[in-house]
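Protein chains: 2
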Amino acid sequence: MSEVSSTAGRRAEDPWSPEEARTRFRAGWRVPTAGLCPGWTQANLLCLPREYAYDFLLFAQRNPRACPVLDVTEPGETAAALFAGDLRTDLPAYRVYRDGELVAEVDEVTAHWRADLVSFLVGCSFTFEAALLAVGVPVRHLEVGRNVPMYRTDRECRPAGRLAGPLVVSMRPVPAELVPTAARVTARYPAVHGAPVHVGEPARLGIADLDRPDFGDPVPVRPGELPVFWACGVTPQAAVMRSRPPFAIAHAPGHMAVTDARDAEFQLP
Amino acid sequence: MSEVSSTAGRRAEDPWSPEEARTRFRAGWRVPTAGLCPGWTQANLLCLPREYAYDFLLFAQRNPRACPVLDVTEPGETAAALFAGDLRTDLPAYRVYRDGELVAEVDEVTAHWRADLVSFLVGCSFTFEAALLAVGVPVRHLEVGRNVPMYRTDRECRPAGRLAGPLVVSMRPVPAELVPTAARVTARYPAVHGAPVHVGEPARLGIADLDRPDFGDPVPVRPGELPVFWACGVTPQAAVMRSRPPFAIAHAPGHMAVTDARDAEFQLP
Chain A
13 MSEVSSTAGR RAEDPWSPEE ARTRFRAGWR VPTAGLCPGW TQANLLCLPR
63 EYAYDFLLFA QRNPRACPVL DVTEPGETAA ALFAGDLRTD LPAYRVYRDG
113 ELVAEVDEVT AHWRADLVSF LVGCSFTFEA ALLAVGVPVR HLEVGRNVPM
163 YRTDRECRPA GRLAGPLVVS MRPVPAELVP TAARVTARYP AVHGAPVHVG
213 EPARLGIADL DRPDFGDPVP VRPGELPVFW ACGVTPQAAV MRSRPPFAIA
263 HAPGHMAVTD ARDAEFQLP
Chain B
13 MSEVSSTAGR RAEDPWSPEE ARTRFRAGWR VPTAGLCPGW TQANLLCLPR
63 EYAYDFLLFA QRNPRACPVL DVTEPGETAA ALFAGDLRTD LPAYRVYRDG
113 ELVAEVDEVT AHWRADLVSF LVGCSFTFEA ALLAVGVPVR HLEVGRNVPM
163 YRTDRECRPA GRLAGPLVVS MRPVPAELVP TAARVTARYP AVHGAPVHVG
213 EPARLGIADL DRPDFGDPVP VRPGELPVFW ACGVTPQAAV MRSRPPFAIA
263 HAPGHMAVTD ARDAEFQLP
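Residue numbers (the numbering used here), protein chains in the order written: chain A, 13 to 281; chain B, 13 to 281.
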């Protein structure tokens with residue numbers, strides 16, 4: 013299940029710049045991006061035809077915990093204000109959807125690109141992981157070198173136009189005594205999903221088995237730890253799967269756009 | 013210049029509910045709404061034809077300080093999730109624009125309503141005035157019973173689609189020693205414009221004369237006070253005037269939609 017290649021060197025004392033990481037992704041390197049380029053903001057990608065752009069922007073306005081929009085391109089544009097690279101090639105992996113069905117998981121989407129695609133960059137919780145580590149909250153998927161586990165919940169997002177779907181969450185096991193700290197620290201980052209949406213009872217979110225995430229990899233929850241759930245930027249992809257727009261491109265879950273924005277820009281005063 | 017009618021009773025110890033205030037507005041009462049229904053969130057209104065709705069939502073995403081969107085209706089809807097009244101009649105005053113020109117300022121817009129209008133409720137800085145008063149920061153327009161002064165600046169918003177225009181700001185005179193407090197307190201309310209955008213030098217914003225606001229009433233700036241400027245939800249109207257969509261309805265500046273949301277919902281943790 014793990015999609016992780018060697019992590020050697022990527023969290024060295026001299027970490028790569030976003031441009032350096034993007035150059036490697038463009039060359040075909042494929043790896044979950046958690047922990048990469050610390051201090052630089054990572055983002056979910058969703059590209060939809062212009063005629064769906066209003067529905068998605070409204071969906072995001074109505075579901076801000078799951079879909080904090082950081083940037084929006086003009087139709088057909090391949091760079092964004094926060095992303096100086098090429099959106100078609102500079103993420104580690106992409107998913108292509110037709111009528112809501114996953115039709116390809118690929119390293120680049122140049123051949124799939126269309127002039128009417130509007131690209132949305134949506135905040136990603138990887139952004140606050142450095143802040144969690146800084147206050148002593150462990151981040152299990154970094155420790156074990158896996159992709160973060162993500163789950164479809166039974167919570168419905170507020171629909172918008174033709175788009176509807178379930179809330180998707182990411183999960184990090186947190187020692188019980190550090191749960192309040194984790195909530196407090198991440199609450200300061202509302203543009204990257206903010207405080208947790210749920211603590212400790214996966215069944216209450218409709219999650220039957222933590223060891224079988226819908227996206228990403230399972231990680232161990234150890235004695236004395238609670239599973240803590242944050243709204244996840246894969247929620248837009250779940251809406252695509254449910255709502256079946258004719259065409260969409262997204263990042264492969266956990267394989268994010270590394271932007272040129274600094275994490276600190278999305279931290280509250 | 014003042015549009016203020018008697019304020020007797022409206023800030024009594026038993027203040028009106030939003031529904032009570034809306035009932036009075038529906039009956040024709042016309043008054044700036046600052047200080048009314050304390051604890052209840054007030055909002056700017058902009059109604060645009062559906063074909064302009066994406067441009068405006070994108071304009072708001074790109075200019076979040078000036079245009080924090082709190083709620084969006086379906087086309088033609090006359091109520092909103094946060095506003096149980098009738099958007100056509102339950103604000104104290106409206107402005108109607110055709111091709112960017114102000115063609116009417118009226119108490120209700122039933123005769124102007126169209127089935128394709130999408131209504132946007134945008135956060136209003138009146139929401140944080142109770143928090144300012146609570147920490148001892150005076151609010152001059154409340155003291156003198158006037159509408160808040162608002163000014164077009166020479167700062168351009170980031171354009172979106174067919175919409176462009178200047179940043180509009182509201183101004184409150186603040187004693188110099190309380191400026192940091194005013195900044196700190198209002199920073200906790202990003203959904204209603206948040207921290208000030210400028211302090212003390214109106215000319216640096218392209219404001220020639222504080223005594224001649226573009227919207228609302230002038231208020232006195234006293235010795236030892238600095239003019240403090242916050243991004244203002246009249247910015248969308250300035251974009252309408254500049255960009256000339258075929259039709260738009262907005263609140264009359266300072267005459268807001270009193271919503272059913274609580275101020276505390278928009279305060280940061």
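Note that CB positions come from ideal geometry on N, CA and C, so glycine has one too.
Taking the beta strand (DSSP E) that Pro178 (chain A) belongs to, which residues open and close that run? Taking the first sequence and counting its residues from 1, the one referred to as residue 178 (chain A) is at position 166. Counting along the chain, the beta strand (DSSP E) containing Pro178 (chain A) begins and ends at 178-187.
List the DSSP bridge partners of Ser131 (chain B). Here residue 131 (chain B) corresponds to residue number 119 of the second sequence, with the count starting at 1. Ser131 (chain B) pairs with B:Cys59.
For the alpha helix (DSSP H) containing Phe37 (chain A), name the first residue and the last one. To locate residue 37 (chain A), count along the first sequence from 1; it is residue 25. Per DSSP, the unbroken alpha helix (DSSP H) holding Phe37 (chain A) starts and ends at 30-38.
C-alpha distance - Tyr66 (chain A) paired with Asn75 (chain A), whole-angstrom precision: As a working mapping, residue 66 (chain A) is identified with position 54 in the first sequence. As a working mapping, residue 75 (chain A) is identified with position 63 in the first sequence. Cα to Cα, the separation comes out at about 14 Å.
Could you spell out where the alpha helix (DSSP H) holding Thr85 (chain A) opens and where it closes? Within the first sequence, the letter at position 73 stands for residue 85 (chain A). In this chain, Thr85 (chain A) is not harboured by any alpha helix (DSSP H), its DSSP state being neither H nor E.
Listed by chain order, chain A residues near Val84 (chain B) by CB distance under 7 Å: Counting from 1 along the second sequence, the entry for residue 84 (chain B) is found at position 72. Listed along chain A are Leu70, Gln73, each with a C-beta nearer than 7 Å to that of Val84 (chain B).
Can you grab the Cα-Cα spacing for the pair Pro27 (chain A) / Leu48 (chain A), in whole Å? The residue labelled residue 27 (chain A) in the question sits at position 15 within the first sequence. The residue labelled residue 48 (chain A) in the question sits at position 36 within the first sequence. So the alpha carbons of these two residues sit roughly 8 Å apart.
What residues in the stretch 267-280 of chain B have a beta carbon less than 9 Å from any beta carbon of chain A? Cβ proximity to chain A below 9 Å picks out Leu280 from the stretch 267-280 of chain B.
Please state the DSSP three-state secondary structure of Ala105 (chain B). Residue mapping note: residue 105 (chain B) aligns to position 93 of the second sequence, counting from 1. If DSSP states are grouped into helix, strand and coil, Ala105 (chain B) belongs with coil.
Taking DSSP as the reference, what is the three-state secondary structure of Leu175 (chain A)? On the first sequence, position 163 is the one that residue 175 (chain A) refers to. Strand at Leu175 (chain A).
Asn56 (chain A) vs Cys136 (chain A) beta-carbon contact at 8 Å: Numbered from 1 along the first sequence, position 44 holds the residue referred to as residue 56 (chain A). Numbered from 1 along the first sequence, position 124 holds the residue referred to as residue 136 (chain A). In this structure, Asn56 (chain A) sits near Cys136 (chain A), with a CB-CB distance shorter than 8 Å.
C-beta atoms of Val181 (chain B) and Thr139 (chain B) nearer than 8 Å: Walking along the second sequence from the start, residue 181 (chain B) turns up at place 169. Walking along the second sequence from the start, residue 139 (chain B) turns up at place 127. It is not a contact, given that the beta carbons lie outside the stated cut-off.
In whole angstroms, what separates the C-alpha of Pro120 (chain B) from that of Glu213 (chain A)? The residue given as residue 120 (chain B) occupies position 108 in the second sequence. The residue given as residue 213 (chain A) occupies position 201 in the first sequence. At residue 120 (chain B) the sequence reads Glu, which differs from the Pro that was named. Distance between the alpha carbons of Glu120 (chain B) and Glu213 (chain A): 50 Å.
Would the stretch 205-224 of chain A count as touching the stretch 271-278 of chain A if we require 3 or more Cβ pairs under 8 Å? Touching, no.
What three-state label does DSSP hand Gln279 (chain A) in the structure shown? The residue given as residue 279 (chain A) occupies position 267 in the first sequence. When DSSP states are grouped into helix, strand and coil, Gln279 (chain A) belongs to the coil group.
Looking at the C-beta of Val81 (chain A), does it have a partner C-beta in chain B at a distance below 8 Å? Against the first sequence, residue 81 (chain A) aligns to sequence position 69. The C-beta of Val81 (chain A) comes closer than 8 Å to at least one C-beta of chain B.
Contact between the stretch 28-44 of chain A and the stretch 100-107 of chain A: three or more CB pairs below 8 Å? Enough Cβ pairs lie closer than 8 Å, so yes.
Using the C-alpha atoms, what's the distance from Ala78 (chain B) back to Thr193 (chain B)? The count along the second sequence starts at 1 and reaches residue 193 (chain B) at position 181. The count along the second sequence starts at 1 and reaches residue 78 (chain B) at position 66. Distance between the alpha carbons of Thr193 (chain B) and Ala78 (chain B): 21 Å.
Any idea if Glu32 (chain A) is buried or exposed, counting beta-carbon neighbours within 10 angstroms, 16 or more meaning buried? Taking the first residue of the first sequence as 1, we reach residue 32 (chain A) at position 20. Around the beta-carbon of Glu32 (chain A), fewer than 16 other beta-carbon atoms lie within 10 Å, marking it exposed.
Here's the rule I'm using: 16 or more other beta-carbon atoms within 10 Å means buried, otherwise exposed. How should Gly266 (chain B) be labelled? Residue 266 (chain B) sits at position 254 when you count from the first residue of the second sequence. With 16 or more other Cβ atoms within 10 Å, it is buried.
Based on the DSSP secondary-structure assignment, which residues constitute the bridge partners of Pro239 (chain A)? Reading the first sequence from its first residue, position 227 is the one you call residue 239 (chain A). DSSP lists A:Pro185 as partners of Pro239 (chain A).
Beta strand (DSSP E) containing Arg200 (chain B): first to last residue? For the purposes of this step, residue 200 (chain B) is taken as residue 188 along the second sequence, with counting starting at 1. No beta strand (DSSP E) holds Arg200 (chain B); DSSP gives it neither H nor E.
From Pro30 (chain B) to Glu86 (chain B), what does the alpha carbon distance come to, in whole angstroms? For the purposes of this step, residue 30 (chain B) is taken as the residue at position 18 of the second sequence. For the purposes of this step, residue 86 (chain B) is taken as the residue at position 74 of the second sequence. Going from the Cα of Pro30 (chain B) to the Cα of Glu86 (chain B) covers about 22 Å.
Contacts around Gly88 (chain A), its chain only, beta-carbon distance under 7 Å, and the 5 residues preceding and following it disregarded: Within the first sequence, residue 88 (chain A) is the residue found at index 76, counting from 1. For Gly88 (chain A), where only same-chain residues beyond five positions count, the Cβ hits under 7 Å are Ala127, Asp128, Leu129.
Thinking Pro161 (chain A) and Gly228 (chain A) are a contact (beta carbons under 8 Å), I'd like their distance in whole angstroms, please. Along the first sequence, one-based indexing puts residue 161 (chain A) at 149. Along the first sequence, one-based indexing puts residue 228 (chain A) at 216. Indeed they touch by this definition, with Cβ atoms about 5 Å apart.
The stretch 102-125 of chain A: positions lying closer than 8 Å to chain B by Cβ: If the cut-off is 8 Å between Cβ atoms, the stretch 102-125 of chain A has nothing near chain B.
Do you know how far the Cα of Tyr201 (chain A) is from the Cα of Val270 (chain B)? The residue you call residue 270 (chain B) lines up with position 258 of the second sequence. The residue you call residue 201 (chain A) lines up with position 189 of the first sequence. Spanning the two alpha carbons is a distance of roughly 29 Å.
Using a Cβ-Cβ cutoff of 8 Å, what residues of the stretch 56-67 of chain A are near chain B? List them in chain order. Against chain B - using a Cβ distance shorter than 8 Å - the residues of the stretch 56-67 of chain A are Ala65, Tyr66.
Report buried or exposed for Pro258 (chain A), applying the criterion of at least 16 other Cβ atoms within 10 angstroms of its Cβ. Mapped onto the first sequence, residue 258 (chain A) falls at position 246. Result: exposed.
Could you check whether Ala250 (chain B) and Pro178 (chain B) sit closer than 8 Å to each other, using their CB atoms as the reference points? For the purposes of this step, residue 178 (chain B) is taken as the residue at position 166 of the second sequence. For the purposes of this step, residue 250 (chain B) is taken as the residue at position 238 of the second sequence. Taking 8 Å as the Cβ cut-off, Pro178 (chain B) and Ala250 (chain B) qualify as a contacting pair.
Could you tell me the boundaries of the beta strand (DSSP E) in which His153 (chain B) lies? Taking the second sequence and counting its residues from 1, one reaches residue 153 (chain B) at position 141. Not the beta strand (DSSP E): His153 (chain B) falls in the alpha helix (DSSP H), residues 152-155.
When you compare the CB positions of Leu99 (chain A) and Ala260 (chain A), do they come within less than 8 Å of one another, or not? Your numbering for residue 99 (chain A) matches position 87 in the first sequence. Your numbering for residue 260 (chain A) matches position 248 in the first sequence. Not in contact: Leu99 (chain A) and Ala260 (chain A) (Cβ atoms no closer than 8 Å).
Looking at Leu238 (chain B) and Val211 (chain B), is the spacing between their C-beta atoms short of 8 Å? What you label residue 211 (chain B) is simply residue 199 of the second sequence in a count that begins at 1. What you label residue 238 (chain B) is simply residue 226 of the second sequence in a count that begins at 1. Cβ distance < 8 Å, so Val211 (chain B) and Leu238 (chain B) count as in contact.
Could you tell me whether the Cβ atoms of Leu60 (chain B) and Gly173 (chain B) are closer together than 8 Å? Here residue 60 (chain B) refers to the residue found at position 48 of the second sequence. Here residue 173 (chain B) refers to the residue found at position 161 of the second sequence. A distance of 8 Å or more separates the beta carbons of Leu60 (chain B) and Gly173 (chain B).
Between which residues of its own chain and Ala207 (chain A) is the CB-CB distance below 7 Å, once the five residues before and five after are set aside? Indexing the first sequence from 1 puts residue 207 (chain A) at position 195. In the same chain as Ala207 (chain A), and ignoring 5 residues on each side of it, the C-beta atoms closer than 7 Å to its own belong to Ala195, Thr198, Ala199, in chain order.
Selected residue, minimal CA-CA separation from Arg164 (chain B), among B:Val233, B:Leu145, B:Met253: On the second sequence, residue 164 (chain B) is found 152 positions in, with the first residue counted as 1. Comparing alpha-carbon positions, the option among B:Val233, B:Leu145, B:Met253 lying closest to Arg164 (chain B) turns out to be B:Met253.
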